[in-house]
Structures are given as structure tokens and as C-alpha cells.
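Structure follows, in C-alpha cells:
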């Protein structure tokens, strides 16, 4: 049940302002294209200006040139609770513009939807967090803790913004975080982990008409890929299907022979090396380290069967899966806020990919829950859109959750 104070704070949320601010941010292209001199910088400056207008203490700094983090602090004090609203300012490429019905950076509104790259992923969630904080600030309510807004760089890449934040003194004062990614305003308490890796099979170059004078790394790679499929089946048998995340997977996503720097493809040449890229997705219970051990063990078994087999394993990025208990205070608060705000039971779920929250949880031990406006399946597609009713609902949900998590003096 909503208190009078909560109703007063929620009444300060102006839906028209929330929508217009989101349109403004969507209209700022923030695809990372360094070859064209394009980064998140303009979007980050927009966030910086808005946070300063709210009277927050704002820290703006480059993690890498042109790739800034923006940190906004509202009454954050050491030793008190601190709720972080986390979002990112970068968006993925718009791809082939001819596939879009609407301008990717036009911020057009049609039939209750805001169209544009990043509308769902995740400029809507970021603006909802800022506007929720604005309502709290303008109400003058004295909270029992502080709010930290993090608009971070490079979530769509190697998450350098989140990694930098997790190493910073600010991370030490955050006691819980809401990751504002597009999840249809579901309460997502689990995230798949990921390990991106490259494997090279090492052979010996030879003429195609005399294959036995060489060692074919492609046939060795074919054997290895079949073995990886069997490893995937074994992992599925061992861990089963997670209630929110489904099955773990080991997926070859790219293969190349010869590899870069070792000549051009020729029909009559056995190359010296073959390379495969793997996208390995993990569910709670699995660890990247254990999967790497299993793959190395595969190498040894294949070498025992064929002494000419030789392979090298390189990890490109490794992020473990995360799981947050329903008993975690921020999860309980957000769930009850959803009930009181909508009159419906919250839907719990999981994030099929990784988010900045993965880094915040595993690097800085911050309890996280992922909840934000936007169709879970629409990010990275042409004609990405954001349902405006969800946007307003998320803004109110964030404000209510902050009031209850931090408490009111």
C-alpha cells in the first residue's frame, strides 16, 4: 500500500517530461565508431548537464579518450545505505538503415512507442532512473541513505566503464544496485555468464595434392568442434536447465583458415593454422575456470588419440554467471513496490546475456537486480522501440523502490 508521502513523490513524476527527455537522449547518436571519431561523449555530456541541473554532485571523467563515465551523487555518505541506478550511454550500431522504417536517431513516437536505436537498450531505463531521482530531490524528503546514478561507457563492448567503476572508491559505498536494462520491468535475479575464447589448431602447411606431407589443422578443428558439442551435452546433463536462464551453451561463432598473416585462401594449399571463436554461456553453478579446464582436458584426450593434434586456447573475456536471492533486501523492496504500484504480482526472470551488473557483482560484491523498461527481445534489432507506458511505470517503480530501500527520516 502506498503512503501519502510516496504518493506525493510519485505525483511529481511528469510523464511528458520523462518521454521528452528520453527522446532527447535517443536523438544523440552514441555508437562507438572510433574510426569516425564517434563515441558516447555527447550522450554523456547530456547526462552530466541534466544531473547538474538536479543539483547532484557530478563526476565526469574519461575511462579512455572520448569514453566517459558520469557519476551523480545525491546525499551519498559513507556508512549509510547507497542505492545505485546503473545504465550505459553507448548503443550498438544501427546496421543497415534501409531495414529501418523509422529514423534510428529520430526519436519518433508512433502508437505509444518511441522508436530509435537505444530507446530500449537502454536510454529509456537511464532516463527513468534520473527522473525518479528528480522527483525525490524535488520533494525535499530526507532519505536514510543516498542515491548514486552511474551512466557508464562501453557496456556493449568490453565494459571498461563498469570495470573502472568497480575499482573506484564509489563502488565501496554502494550497498545495492538496480541495473536499468530492458527486461519488461520484470525482476531479474540471475544472469548468464560468458566466456569468449579463441582456439587455434596448429598444423603443417602442405600441397593439397600431397596431404600426407603436412598436418591439416582444419580436420583437427572439425574433430575438436565435435568434441566441444559433446562437452556441451555433458554440461547440460550435469547442470540442467536454469528456471530463469535455460541451458548453458558452447557455440562456435566464427571459423577461419588460414588465419591472419599466414597467406590467402587457396584451393590447393593446406594451411598451417585454423582458428575458431567460441561464445560460451554459463548458468549459476558453472565457472569459466572449470570450463577452461574441461577444454584443456579435451586437448589432451585428442592428442592421445592423434599425436599430431596440437591446439592453443586464448580467453578473450570471462564473466561468471550471477544469482541474487529473492531474500536480498533490494529484491524484496523492488518486488513489493511493483505489487503496490501495479496491483499485480511481479514476474521474476533472468538476463540471457551479461550486463554491467555482472561486473559490479563479481568485481565489487554489490548485490544487483536487473529491472527496466523495454521489450526483452527488441534490443539490437532494426526499428528498436520502447513502450512508453513501461517507461513511466519504470520511473515510478524506481522512485518507490529508492524511498523504501533507503528509508525516510
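Residue numbers (my numbering): 102 to 510.
Beta carbons: idealized from backbone N, C-alpha and C, even for Gly.
Note that the structure is a prediction, hence the values are computed from the model and not measured.
Taking 3 residues as the minimum length, the beta strand (DSSP E) runs contained wholly in the stretch 430 to 507 are 449 to 452, 469 to 471 and 486 to 488, in order along the chain. Residues 376 of the same chain have their beta carbon placed closer than 6 Å to that of residue 357, with the five preceding and five following residues left out of the count.
With contacts defined by Cβ atoms closer than 8 Å, residue 461 and residue 278 form a contacting pair. The C-beta separation of residue 326 from residue 349 comes to about 17 Å, leaving the pair out of contact by the 8 Å criterion.
Here residue 294 is near residue 383, since their CB atoms are less than 8 Å apart. By the Cβ rule, the stretch 434 to 445 does not count as touching the stretch 356 to 371, because fewer than three pairs are nearer than 8 Å. For the pair residue 454 and residue 289, the CB atoms are not nearer than the 8 Å cut-off. The way I'd put it, the stretch 308 to 318 doesn't touch the stretch 220 to 228; fewer than three beta-carbon pairs between them come closer than 8 Å. The shortest CA-to-CA distance from residue 178 to any of 363, 248, 123 and 164 is the one to 248. Taking a contact to require three or more Cβ pairs closer than 8 Å, the stretch 232 to 247 and the stretch 168 to 183 qualify as touching. Secondary structure note for residue 201: it is in no beta strand (DSSP E), with a DSSP letter that is neither H nor E. DSSP places residue 321 inside the alpha helix (DSSP H), whose first and last residues are 318 to 340. According to the DSSP secondary-structure assignment, residue 271 is paired through a beta bridge with no residue. In the three-state DSSP reduction, residue 240 falls in the helix class (H, G or I).
Across the set 321, 419, 380 and 465, the C-alpha of 321 shows the shortest separation from the C-alpha of residue 402. Its Cα nearest to that of residue 345, the residue 426 stands out among 365, 374, 107 and 426.
Beyond the five residues adjoining it in sequence on each side, residue 140 comes within less than 7 Å, by CB distance, of 133, 167 and 168 in the same chain, given in chain order. Annotation for residue 285: no beta strand (DSSP E) segment contains it, and DSSP assigns it neither H nor E. In the DSSP assignment, residue 124 falls within the alpha helix (DSSP H) that extends over 116 to 127. For the 8 Å CB-CB criterion, residue 224 and residue 127 form a contact. Looking from the CA of residue 211, the closest CA among 102, 498 and 488 belongs to 488. CA-to-CA, the gap between residue 152 and residue 231 works out to about 8 Å.
Around the CB of residue 409, fewer than 16 other CB atoms lie within 10 Å, so the residue is classed as exposed.
In the structure shown, residue 378 falls within a strand segment according to DSSP collapsed to helix, strand and coil. Contact check for residue 136 against residue 457 fails: the beta carbons are separated by 8 Å or more.
Assignment of residue 314 by DSSP, reduced to helix, strand and coil, places it in the helix class.
Under DSSP, residue 424 takes part in a beta bridge, and its partners are 291.
Taking a 10 Å sphere around the C-beta of residue 296, we find 16 or more other C-beta atoms and assign the residue as buried. Taking residue 319 as reference, the option from 300, 333 and 429 with the minimal CA-CA separation is 300.
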